[in-house]
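Here is the structure we will look at, set down as structure tokens.
There are 2 protein chains.
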Amino acid sequence: MSDLPSRIDIQEEGPREGFQIEPGPIATARKIELIDALTETGLKKIQVASYVNPKRVPGWADADEVVKGFKRKEGVAHHVLWLNEKGLQRAIAADDIYMFGSISTTTSETFMGMNTNRGFKENVGVQRNQIAMYQEHGIPVTRASIMTAWGCNFEGDIPPARVVERLEELLGLEAETGIDIDIISLADTVGWATPKSVKEVVGAVRNRWPDKRICLHLHDTRGCGIANVYAGLEMGVDLYDSSVAGLGGCPFAGHKGAAGNVTTEDIVFMCDEMGVETGVDLEALIECARLAEDIVGHDLPGKVMRGGALSALRRDAKAQAAHA
Amino acid sequence: MSDLPSRIDIQEEGPREGFQIEPGPIATARKIELIDALTETGLKKIQVASYVNPKRVPGWADADEVVKGFKRKEGVAHHVLWLNEKGLQRAIAADDIYMFGSISTTTSETFMGMNTNRGFKENVGVQRNQIAMYQEHGIPVTRASIMTAWGCNFEGDIPPARVVERLEELLGLEAETGIDIDIISLADTVGWATPKSVKEVVGAVRNRWPDKRICLHLHDTRGCGIANVYAGLEMGVDLYDSSVAGLGGCPFAGHKGAAGNVTTEDIVFMCDEMGVETGVDLEALIECARLAEDIVGHDLPGKVMRGGALSALRRDAKAQAAHA
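The listed protein sequences derive, respectively, from chains H and P.
Residue 0 is where the first sequence starts when you use numbering that gives the first Met the number 0, and the numbers rise one by one after that.
Residue 0 is where the second sequence starts when you use numbering that gives the first Met the number 0, and the numbers rise one by one after that.
As structure tokens, this is what we get:
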């Protein structure tokens, strides 16, 4: 049996992902309501909004109002997504937003081309410019991420060696620019990973960069999400992205096939039960998941919000046993 | 990294579980349609109906018609559930039904009392009578199963030693009656298991009975189902109960909290991708899952039926690469 880490950190991405994908408009106040509830669960890092073009992402036309409106709390890092300097400027102008820079690549040049109209070589230049932009604003660049790290819908299977090769190229910018990347984020963007391949890719990346922390960003497209988290735990990975209630994934009517991140409270449940600390209050988080469902107005994929935590059942069982 | 088994067997329970829990009536012909489709996927064992009191389980009032109507196929064992001699007699009277006897217990006397109005001691007597009934009809008694093997909603956590203790009592009937149990089925009846505790219970049972095959029957009440299957694979367990599309579990409107078996095609996907043979055609099975959803008329929990298999994407990627 493997040794699991004694503690993990969870980076909540539900609000940003979830409110982006929903077809109907969601009131700003309700977005803030969910963020405020999440802030009280013990989660330490929450992505709260997207500073993007409202013409392309109408769900985040109210990003400024949301960011202005939610309650800050000591020890909780609220951050936002941006895709260009304009977005970054908005984040800088906002109060109390946790700022860090990241650079990124993919394993698949086809996927990169479809997404950003770049090739690998061109992307290095773009990332170099990003770093310069962050440095100009005094923002530390601490994270490198790689998409389609397990497979690509256009290029098929991705060998672990290719993940290392592309990260090698990206992390070449570290020495060149003097940044200090401490987290490598491996994203299963389109749901190709299984527990076995999670272990293979994590192993290959850790062998090459033993001092960097690995983060897993796992989409639950084909039902392996939570098993992939467990495989990550078995490899000692202690940092996961996830979404409350499975927000952002909408496997039901009208969105068939689109699945988001693995569900935060399902991870917290599994960890709690296995003695892996998350610092998150599961029952409070389950309430957030139910709130998220109420806000979007349809079922979301999370399971433990329906099954319920075990703590109340345990308390009743103990009371019963003491009474008998 | 663990060695996974090279091959597993899956016992499909979707039709029996699913058509029992649905609130609305389902046409007999449609039940037969799903069973016939499942029979062509490569599944070797399918539970097709329940011979129970139609007053208590109206969904199976047409069990005789379903059993008469589905197509038999060489190499596929179709079987039915019964709970008493009357049900057994109906199964004996039916053509080409795979017959085997099983004995059962639970870890929790409270749960047993609520379910069957028996205590542990009384249950041994009932199981002894069951064995006599099977022996009278020349039916081999080959399976012993234990419910709430990881936890009970009334008694709380169940230590692995208690699972062994209760199985010890049940398997005492082997020597006494001359039966030969080859499968021990461990059921997570109410969704308390996690990968860690799956390993602990499987380890404890295997240490005590190294020559018996272990079967896992895992309900996905709290989202750990597929991770628990993976933990079973890591322990070398090569026999799983499951339900196509997650039939029987209905975590959506009207059935909140009721979750059934882990989803068959999600297990097959994970196994296929990890090189663990199942003998099942994933794409044919995905069609069955979609058919099941069409038959019940609402969304079911299975994931890979929405995300899709990877084989077509792989074929396209190879064609693209060859063309380039």
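Note that the Cβ used here is the ideal one computed from N, Cα and C, for glycine as well.
In this text, all values refer to a predicted model and were calculated from it rather than measured experimentally.
Helix, strand or coil at residue i [DSSP, three-state]
i, result
"His136 of chain P", "coil"
"Gly42 of chain H", "In the sequence as displayed, the identity of residue 42 of chain H is Leu instead of Gly. Of the three classes helix, strand and coil, the one that applies to Leu42 of chain H here is coil, per DSSP."
"Trp81 of chain H", "strand"
"His322 of chain H", "helix"
"Asp156 of chain P", "strand"
"His254 of chain H", "Confidence in His254 of chain H is poor, its pLDDT being 45 and thus under 50, which makes the residue's placement unreliable; the coordinate value appears in the next sentence. Of the three classes helix, strand and coil, the one that applies to His254 of chain H here is coil, per DSSP."
"Gly150 of chain P", "strand"
"Thr104 of chain H", "strand"
"Asp35 of chain P", "helix"
"Ile145 of chain P", "strand"
"Asp95 of chain H", "coil"
"Val51 of chain H", "coil"
"Ala192 of chain P", "coil"
"Asn206 of chain P", "helix"
"Ala76 of chain P", "strand"
"Arg161 of chain H", "helix"
"Arg71 of chain H", "coil"
"Asp2 of chain H", "coil"
"Ile9 of chain P", "strand"
For residue i, the first and last residue of its enclosing beta strand (DSSP E)
i, result
"Thr263 of chain H", "Here Thr263 of chain H belongs to no beta strand (DSSP E); instead the alpha helix (DSSP H) covers Thr263 to Met273."
"Leu185 of chain P", "Ile182 to Asp187"
"Asp63 of chain P", "First-last for Asp63 of chain P: Ala62 to Gly68, but that is the alpha helix (DSSP H), not the beta strand (DSSP E)."
"Cys214 of chain H", "Arg212 to Leu217"
"Leu328 of chain H", "Outside the shown range of chain H (0 to 323) lies residue 328 of chain H, about which nothing can therefore be said."
Residue nearest to residue i in terms of C-alpha spacing, selected from the options
i, options, result
"Asn83 of chain P", "P:Asp61, P:Leu42 and P:Gln129", "P:Gln129"
"Ala283 of chain P", "P:Gly23, P:Ile7 and P:Thr38", "P:Thr38"
"Thr105 of chain P", "P:Tyr97, P:Asp94, P:Arg117 and P:Leu80", "P:Arg117"
"Ala244 of chain P", "P:Ala258, P:Gly231, P:Leu238 and P:Leu232", "P:Ala258"
"Glu167 of chain P", "P:Tyr133, P:Glu154 and P:Ser103", "P:Ser103"
"Leu42 of chain P", "P:Leu309, P:Leu238, P:Ala60 and P:Arg305", "P:Leu238"
"Gln46 of chain H", "H:Ala316, H:Leu312, H:Ser310 and H:Leu246", "H:Leu246"
"Ser310 of chain P", "H:Glu108, H:Ala316, H:Asn152 and H:Asn52", "H:Asn152"
"Glu326 of chain P", "P:Gly177, P:Val162, P:Gly190 and P:Leu170", "Residue 326 of chain P lies beyond the stretch modelled for chain P, which goes from 0 to 323, so this question has no answer here."
"Gly137 of chain H", "H:Tyr97, H:Ser144, H:Ser49 and H:Gly68", "H:Tyr97"
"Pro53 of chain P", "P:Arg305, P:Leu290, P:Gly86 and P:Asp280", "P:Gly86"
"Cys270 of chain P", "P:Gly235, P:Glu32 and P:Leu290", "P:Gly235"
"Ala36 of chain H", "H:Gly190, H:Ile285 and H:Asp187", "H:Ile285"
"Asp187 of chain P", "P:Asp95, P:Phe110, P:Asp179 and P:Ala308", "P:Phe110"
"Trp81 of chain H", "H:Ala203, H:Asn206, H:Trp59 and H:Gly68", "H:Trp59"
"Ile34 of chain H", "H:Glu21, H:Gly23 and H:Gly17", "H:Gly17"
"Ile183 of chain P", "P:Gly202, P:Ile20 and P:Gly301", "P:Gly202"
"Val204 of chain H", "H:Cys287, H:Glu173 and H:Ala143", "H:Ala143"
"Ser241 of chain P", "P:Asp2, P:Val140 and P:Lys44", "P:Lys44"
"Gly177 of chain H", "H:Thr141, H:Leu281, H:Asp280 and H:Asp2", "H:Thr141"
"Leu312 of chain P", "H:Phe99, H:Phe69 and H:Ile157", "H:Ile157"
"Gly100 of chain P", "P:Asp94, P:Val79, P:Gly171 and P:Gly68", "P:Val79"
Boundaries of the alpha helix (DSSP H) in which residue i is found, first to last residue
i, result
"Ile20 of chain P", "Gly13 to Ile20"
"Leu290 of chain H", "Leu281 to Val295"
"Ala244 of chain H", "Segment: none, Ala244 of chain H is in no alpha helix (DSSP H) and carries neither H nor E."
"Arg117 of chain H", "Careful: Arg117 of chain H lies outside any alpha helix (DSSP H) and carries neither H nor E."
"Arg305 of chain H", "Val303 to Gly306"
"Ile225 of chain H", "Gly224 to Glu233"
Exposure of residue i, with buried meaning 16 or more beta-carbon neighbours within 10 Å
i, result
"Gln126 of chain P", "buried"
"Gly124 of chain P", "exposed"
"Asp298 of chain H", "buried"
"Pro209 of chain P", "exposed"
"Arg314 of chain P", "exposed"
"Arg165 of chain P", "buried"
"Lys72 of chain H", "exposed"
"Met113 of chain P", "exposed"
"Ala26 of chain H", "exposed"
"Asn122 of chain H", "buried"
"His216 of chain P", "buried"
"Gly306 of chain P", "buried"
"Gly253 of chain P", "Low local confidence applies: a pLDDT of 44 at Gly253 of chain P is under 50, so the model's placement there is unreliable, with the coordinate-based value given in what follows. Counting Cβ neighbours within 10 Å, Gly253 of chain P comes out exposed, since fewer than 16 surround it."
Supposed contact pair residue j and residue i - C-beta distance, whole angstroms, cut 8 Å
i, j, result
"Val65 of chain P", "Lys30 of chain P", "5 Å"
"Arg6 of chain P", "Glu276 of chain P", "4 Å"
"Ile9 of chain H", "Ile225 of chain H", "Actually they do not touch by this definition, with Cβ atoms about 13 Å apart."
"Gly13 of chain H", "Thr220 of chain H", "Not a contact, Cβ separation roughly 17 Å."
"Cys214 of chain P", "Pro194 of chain P", "Not confirmed; about 17 Å, so no contact."
"Lys317 of chain H", "Gly155 of chain P", "7 Å"
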